[in-house]
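Residue numbers (my numbering): 2 to 384. Idealized CB from N, CA, C, for every residue including glycine. Treat the numbers as computed from the prediction; the structure is a model and nothing was measured.
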């Protein structure tokens, strides 16, 4: 019985030793990547060294390190390996387990002697601990030292805040992924959203409850159309929902998966009446400014004094999401003329016989997804 007990103790001791050996290679500093919200955050950097003596358990010809990486939330890991000293070629891989049996296929780097840097990205859909494996191989008595600086950032996947004047760099794993940027308007006026992705981004304006305030708009730096403008109200919270046409094109960040978004808010001083009785006068050959902010259901009212022998005509300019309805109404409240306008510079002409007198111009959104900034110049034409 004593012999059996001694045998069991010996087996248990060997098992513990083997378990300890399997993790001996993990006695290195754990990496906690810098969280990247805007893309401007400085990477976390650590230095690692291994030699021909740092053999992996059970692998006489393979040496290296296994470095734990703490991922606090889903996102994309930026891994930048800078060589300090490289005597032997080295592979860099990422695994989901400490034993390095389940490799993440989206990341593999091979550094040869003489190279100085290897950089890559890998999307991680789950938080937890991952493992970077640095590995070199020798089959003789070679002596070597490999030393590298490893810098890491974690580009967050969740929604984030963006301010006017700010540019955010974010990692996009696929074109169909939706990214949300929360924005609170500092000024009533225009907000211009710009992108640098050459193959095009898809932009939708949402309200604070994440309901659409616009159609999905296409923006592309490759076609000289890298921005889109919405009309917003001071103090109101909006969201920009962004998708893209793939991830293989060029961006300002230099990598097809790294995209940028910039927001700029400009105040617009517009004046309009809230009803026919409060209509703002547009004198002959003068211009009035108008603004229909996203989600605004109210119409904008103006009036003109039509001269004898003339008919209403206007020069229209603006930045619109969707389109607006323009109606000309007489003193009795009857609609004399009606049309829709999409925002490009154009001349609005009317037809038929018109009497001298006061007429009202009512500008309203064509549907719930329309908004924008516009100007109306009172140009009267001969009958």
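Check: Checking the sheet assignment: what are the DSSP bridge partners for residue 312?; Outcome: 382
Check: In three-state terms, what does DSSP make of residue 274?; Outcome: strand
Check: Return yes when the Cβ of residue 175 is within less than 8 Å of the Cβ of residue 248, no when it is not.; Outcome: yes
Check: Looking at the secondary structure, which residues open and close the beta strand (DSSP E) in which residue 264 lies?; Outcome: 259–268
Check: With 16 as the cutoff for other CB atoms within 10 Å, does residue 60 come out buried or exposed?; Outcome: exposed
Check: For residue 383, is the classification buried or exposed, using 16 other Cβ atoms within 10 angstroms of its Cβ as the cut-off for buried?; Outcome: exposed
Check: Starting from the C-beta of residue 201, find all residues in its chain whose C-beta is less than 6 Å away, skip the five residues before and the five after it, and write them out in chain order.; Outcome: 219, 221, 246
Check: Under three-state DSSP, which class holds residue 61?; Outcome: coil
Check: Would you please state the rounded distance, in angstroms, between the beta carbons of residue 324 and residue 338? I believe it to be under 8 Å.; Outcome: Not really, about 16 Å apart at Cβ, beyond 8 Å.
Check: Report the rounded CA-to-CA distance for residue 30 versus residue 90, giving the unit in angstroms.; Outcome: 22 Å
Check: For residue 107, name the three-state secondary structure that DSSP assigns.; Outcome: strand
Check: Can you tell me whether DSSP reads residue 224 as helix, strand or coil?; Outcome: helix
Check: I need the boundaries of the beta strand (DSSP E) containing residue 156, first residue and last residue.; Outcome: 146–157
Check: Flag this pair as touching only if the stretch 299–317 and the stretch 353–367 have three or more C-beta atom pairs under 8 Å; answer yes or no.; Outcome: yes
Check: What residue range does the beta strand (DSSP E) around residue 292 cover?; Outcome: 288–293
Check: How is residue 29 classed by DSSP in three states: helix, strand or coil?; Outcome: coil
Check: Out of 297, 232, 270, 130, which one is the CA nearest neighbour of residue 344?; Outcome: 232
Check: Counting along the chain, where does the beta strand (DSSP E) carrying residue 94 start and finish?; Outcome: 91–96
Check: Rounded to a whole number of angstroms, what is the C-alpha to C-alpha distance between residue 69 and residue 168?; Outcome: 32 Å
Check: Suppose you measure from the CA of residue 379 to the CA of residue 154; what does that come to, to the nearest Å?; Outcome: 56 Å
Check: Roughly how many whole angstroms lie between the Cα atoms of residue 188 and residue 235?; Outcome: 4 Å
Check: Which of helix, strand or coil does DSSP assign to residue 283?; Outcome: coil
Check: Select from 297, 212, 314 the residue whose C-alpha is nearest the C-alpha of residue 355.; Outcome: 314
Check: State the start and end residues of the unbroken beta strand (DSSP E) segment that holds residue 189.; Outcome: That residue, residue 189, is in no beta strand (DSSP E); it is neither H nor E in DSSP.
Check: Short check: CB of residue 120 to CB of residue 81, under 8 Å?; Outcome: yes
Check: Residue 288 to residue 77, Cα distance in whole Å?; Outcome: 51 Å
Check: Helix or strand or just coil, what does DSSP make of residue 56?; Outcome: strand
Check: Who are residue 38's beta bridge partners in DSSP?; Outcome: DSSP lists no partner for residue 38.
Check: Find the nearest neighbour of residue 301 within the set 283, 272, 320, judged by alpha-carbon distance.; Outcome: 272
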